[in-house]
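S.K.:
There are 2 protein chains.
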Amino acid sequence: MEVGAVVFDAYGTLFDIDALAPQCESLWPGKGKAFVDLWRAKQLQYSWLRSLMASYVDFDVITAEAMVGACKVLDLPCDVSHIRSFLKIIRTLQAFPEVPALLKALGGRKRVILSNGSPAMLEATVGNNGLSGEIDLILSADTVQVYKPDPRVYQLVVDKLAIEKERIAFVSSNGWDACGAKRFGFWVSWVNRMRSPLDELGVVPDQILSSLAELPGYL
Amino acid sequence: MEVGAVVFDAYGTLFDIDALAPQCESLWPGKGKAFVDLWRAKQLQYSWLRSLMASYVDFDVITAEAMVGACKVLDLPCDVSHIRSFLKIIRTLQAFPEVPALLKALGGRKRVILSNGSPAMLEATVGNNGLSGEIDLILSADTVQVYKPDPRVYQLVVDKLAIEKERIAFVSSNGWDACGAKRFGFWVSWVNRMRSPLDELGVVPDQILSSLAELPGYL
Numbered sequence: 133m134e135v136g137a138v139v140f141d142a143y144g145t146l147f148d149i150d151a152l153a154p155q156c157e158s159l160w161p162g163k164g165k166a167f168v169d170l171w172r173a174k175q176l177q178y179s180w181l182r183s184l185m186a187s188y189v190d191f192d193v194i195t196a197e198a199m200v201g202a203c204k205v206l207d208l209p210c211d212v213s214h215i216r217s218f219l220k221i222i223r224t225l226q227a228f229p230e231v232p233a234l235l236k237a238l239g240g241r242k243r244v245i246l247s248n249g250s251p252a253m254l255e256a257t258v259g260n261n262g263l264s265g266e267i268d269l270i271l272s273a274d275t276v277q278v279y280k281p282d283p284r285v286y287q288l289v290v291d292k293l294a295i296e297k298e299r300i301a302f303v304s305s306n307g308w309d310a311c312g313a314k315r316f317g318f319w320v321s322w323v324n325r326m327r328s329p330l331d332e333l334g335v336v337p338d339q340i341l342s343s344l345a346e347l348p349g350y351l
Numbered sequence: 133m134e135v136g137a138v139v140f141d142a143y144g145t146l147f148d149i150d151a152l153a154p155q156c157e158s159l160w161p162g163k164g165k166a167f168v169d170l171w172r173a174k175q176l177q178y179s180w181l182r183s184l185m186a187s188y189v190d191f192d193v194i195t196a197e198a199m200v201g202a203c204k205v206l207d208l209p210c211d212v213s214h215i216r217s218f219l220k221i222i223r224t225l226q227a228f229p230e231v232p233a234l235l236k237a238l239g240g241r242k243r244v245i246l247s248n249g250s251p252a253m254l255e256a257t258v259g260n261n262g263l264s265g266e267i268d269l270i271l272s273a274d275t276v277q278v279y280k281p282d283p284r285v286y287q288l289v290v291d292k293l294a295i296e297k298e299r300i301a302f303v304s305s306n307g308w309d310a311c312g313a314k315r316f317g318f319w320v321s322w323v324n325r326m327r328s329p330l331d332e333l334g335v336v337p338d339q340i341l342s343s344l345a346e347l348p349g350y351l
């Protein structure tokens, strides 16, 4: 198979969510990691539930609602200033160290981001990491008003690039996203940095890597 | 509003999931509670993800897949005999103590179960609790091959009973299910036994109770 495009998930795949924890210490001293873990779990849950309930709101809103939900459980303060600060922190999320060299190495191919994030969030985060020149296209679930793993989100890539789905390499660190993309029909690489067990969703990715740095050798 | 039917969620609402933990001690000594907590989280997650991925399998399969997923994370053994035993245990799930008297007290109205469970699971669990005579109708997500909170599941009640949705009282202990049902248009009572914060999904139930025993006084 000749790969026509390499499509990356953003949060957790190109950008390091765990790196948020130390930054959140300034908002909730001693609770940064507990907050980030629960906030992320709720962010995903809310994105799936709102997709099923057909009550889409954009990913900034999901992010803020998940903050409120997590803070209630953890009994942490969460007013407008916390939300404003956190949405700023999210936009400066750091890329994993191997990302700039990886994107350069893939320079001959279309390099695409497909994410649940809103276009504004994604543009800001890519720009803040100095990667605007290394990403050819940013696609957001916002266009179809539903979140991954709904197949309409993955279909965005096919519609935009006009490449058969089997020739699209999809790369994600989120196991459920890798499974959703595989079920849709992409060739899928799961970047399993934590060596976690794969969730049992009836499909398995084509490839499992322990870091994005391994990817160019396989394409 | 005159209530035309009272519709109950099953797992966690009429039947006590936490009561599984001691029974699971025989399968995984010392790990019963850890297993039940993670298994339940994955069972919900998988039901939502498979609904979004349009790859429905019935709730016995979801249940078994969530067992495998949870056991991998917890490093517990999970072979065919564990799965067979657990699926049997699920069918003998105990009703909360207030349930028989509650259902009798509601006897003048249609008493319905609407659950993600497969028809066979639900019939068995209702029967094993001696409640077959107190439930007028069992409806399963299996009919529409997608799980709650997809509106097609809640619509099953409207189609089957031919009652306007505003006249249907929907009762669930699962906050996300209460929100899904409210978004759909039912009158919703959330039974919040653990006094947990409500998840932030853009809707709130009409009523919050701390036990099912309070319900008849409000209808």
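So the sequence lines, in the order shown, correspond to chains W and A.
With the first sequence counted from 1, adding 132 to any position gets you the working numbering.
With the second sequence counted from 1, adding 132 to any position gets you the working numbering.
Note that CB positions come from ideal geometry on N, CA and C, so glycine has one too.
This structure is a prediction, so every number in the text was calculated from the model and none was measured.
So, is ASP309 (chain W) buried or exposed, given that buried needs 16 or more other C-beta atoms within 10 angstroms?
M.R.: buried
S.K.: Write down every uninterrupted run of the beta strand (DSSP E) in the stretch 246-286 of chain A whose length is 3 residues or greater and which is fully enclosed by it, in chain order.
M.R.: Counting only runs of 3+ residues, the beta strand (DSSP E) found wholly inside the stretch 246-286 of chain A occupies 269-272, in chain order.
S.K.: Any beta-carbon of chain W closer than 8 Å to the one on GLY265 (chain A)?
M.R.: no
S.K.: Would you kindly report the start and end of the unbroken beta strand (DSSP E) that includes SER304 (chain W)?
M.R.: 300-304
S.K.: Thinking C-alpha only, which one of A:GLY144, A:LEU333, A:PRO337 and A:LYS292 is nearest VAL231 (chain A)?
M.R.: A:GLY144
S.K.: Is the shortest distance between the beta-carbon of MET326 (chain W) and the beta-carbons of chain A less than 8 Å?
M.R.: no
S.K.: If you reduce the DSSP assignment to three classes, tell me which class LEU341 (chain W) lands in.
M.R.: strand
S.K.: For chain W, check one thing: does any of its Cβ atoms lie closer than 8 Å to the Cβ of GLU197 (chain A)?
M.R.: yes
S.K.: For ARG243 (chain W), list the residues DSSP reports as bridge partners.
M.R.: W:VAL138
S.K.: Alpha carbons only, please: which of W:VAL193, W:PRO209 and W:GLU134 is nearest the one belonging to TRP160 (chain W)?
M.R.: It is W:PRO209.
S.K.: Would ARG216 (chain W) count as contacting chain A if we go by Cβ distances under 8 Å?
M.R.: Cβ-Cβ to chain A under 8 Å: no for ARG216 (chain W).
S.K.: Check distances from the C-beta atoms of the stretch 174-186 of chain W to those of chain A and list, in chain order, the residues that come in under 9 Å.
M.R.: So the close ones are LYS174, LEU176, GLN177, TYR178, TRP180, LEU181, ARG182, SER183, LEU184, MET185 and ALA186.
S.K.: Relative to chain D, which residues along the stretch 272-305 of chain W have a C-beta separation below 7 Å, given in chain order?
M.R.: Given the protein chain composition of this structure (W and A), no chain D is represented.
S.K.: With 8 Å set as the bound, which would you pick, yes or no: does the beta-carbon of VAL336 (chain A) sit closer than that to a beta-carbon of chain W?
M.R.: no
S.K.: Is the beta carbon of LEU246 (chain A) sitting closer than 8 Å to the one on ASP148 (chain A)?
M.R.: Result no, Cβ atoms of LEU246 (chain A) and ASP148 (chain A) do not sit closer than 8 Å.
S.K.: Quick one: residues in its chain with C-beta nearer than 6 Å to the C-beta of VAL335 (chain W), no 5 flanking neighbours on either side, listed in chain order?
M.R.: CYS311, LYS314 and ARG315
S.K.: Look up PRO193 (chain A) in the DSSP assignment and say whether it is helix, strand or coil.
M.R.: Before going on, a small fix: residue 193 (chain A) reads as Val here, not Pro. Of the three classes helix, strand and coil, the one that applies to VAL193 (chain A) here is helix, per DSSP.
S.K.: How far does the beta strand (DSSP E) with SER183 (chain A) in it extend, from its first residue to its last?
M.R.: First-last for SER183 (chain A): 164-184, but that is the alpha helix (DSSP H), not the beta strand (DSSP E).
S.K.: SER217 (chain A) to GLU296 (chain A), Cα distance in whole Å?
M.R.: If you draw a straight line from the Cα of SER217 (chain A) to the Cα of GLU296 (chain A), it comes to about 41 Å.
S.K.: Please confirm whether TRP308 (chain W) has its beta-carbon closer than 8 Å to some beta-carbon of chain A.
M.R.: Yes - at least one Cβ of chain A is within 8 Å of the one on TRP308 (chain W).
S.K.: Should ILE270 (chain W) and PRO283 (chain W) be called a contact, given that it needs their Cβ atoms to be closer than 8 Å?
M.R.: no
S.K.: VAL336 (chain W) by DSSP, collapsed to three states: which one?
M.R.: In the structure shown, VAL336 (chain W) sits in coil (DSSP, three-state: anything other than H, G, I, E or B).
S.K.: Closer than 9 Å by beta-carbon distance: list the chain A residues that pair up with ARG172 (chain W), in chain order.
M.R.: For ARG172 (chain W), none of the residues of chain A pass the 9 Å Cβ criterion, the least Cβ distance being about 13 Å.
S.K.: Could you tell me which residues DSSP pairs with TYR143 (chain A) in its beta bridges?
M.R.: For TYR143 (chain A), which the question treats as bridged, DSSP gives the partners A:PHE147.
S.K.: For chain W, find out if any of its Cβ atoms is closer than 8 Å to the Cβ of GLU332 (chain A); answer yes or no.
M.R.: yes
S.K.: Within 10 Å of its beta-carbon, does ARG327 (chain W) have 16 or more other beta-carbons around it, so buried, or fewer, so exposed?
M.R.: exposed
S.K.: Tell me the DSSP secondary structure of SER321 (chain W) in three-state form.
M.R.: Here DSSP, grouped into helix, strand and coil, assigns SER321 (chain W) to strand.
S.K.: Could you give the first and the last residue of the continuous alpha helix (DSSP H) run that contains GLY307 (chain A)?
M.R.: Element bounds for GLY307 (chain A): 307-316.
S.K.: Please identify the residue among A:ILE340, A:GLU332, A:SER343 and A:VAL138 whose C-alpha is closest to the C-alpha of CYS203 (chain W).
M.R.: A:GLU332
S.K.: Shorter than 8 Å from the beta carbon of GLY312 (chain A) to some beta carbon of chain W?
M.R.: yes
S.K.: Can you tell me which of A:GLY239, A:GLY136, A:GLY317 and A:CYS156 puts its alpha carbon nearest to the alpha carbon of ALA186 (chain W)?
M.R.: Closest by alpha carbon: A:GLY317.
S.K.: I need the DSSP call for ALA294 (chain W), collapsed to helix, strand or coil.
M.R.: coil
S.K.: Do the CB positions of LEU254 (chain A) and LEU344 (chain A) come within less than 8 Å of each other?
M.R.: Against a cut-off of 8 Å, the Cβ pair of LEU344 (chain A) and LEU254 (chain A) comes out as no contact.
S.K.: Would you mind telling me which residues of chain A sit closer than 9 Å to PRO110 (chain W), beta carbon to beta carbon, in chain order?
M.R.: Nothing about residue 110 (chain W) can be reported from this structure: the residues present for chain W run from 133 to 351 only.
S.K.: Give the straight-line distance between the Cα atoms of PRO329 (chain A) and TRP322 (chain A), rounded to the nearest whole angstrom.
M.R.: 12 Å
S.K.: So, under 8 Å CB-CB, LYS248 (chain A) and ALA227 (chain A) are touching, yes? Tell me the CB distance rounded to an integer number of Å.
M.R.: Lys is not the amino acid found at residue 248 (chain A); the sequence shown has Asn there. No, ASN248 (chain A) and ALA227 (chain A) are not in contact; Cβ-Cβ is about 17 Å, not under 8 Å.
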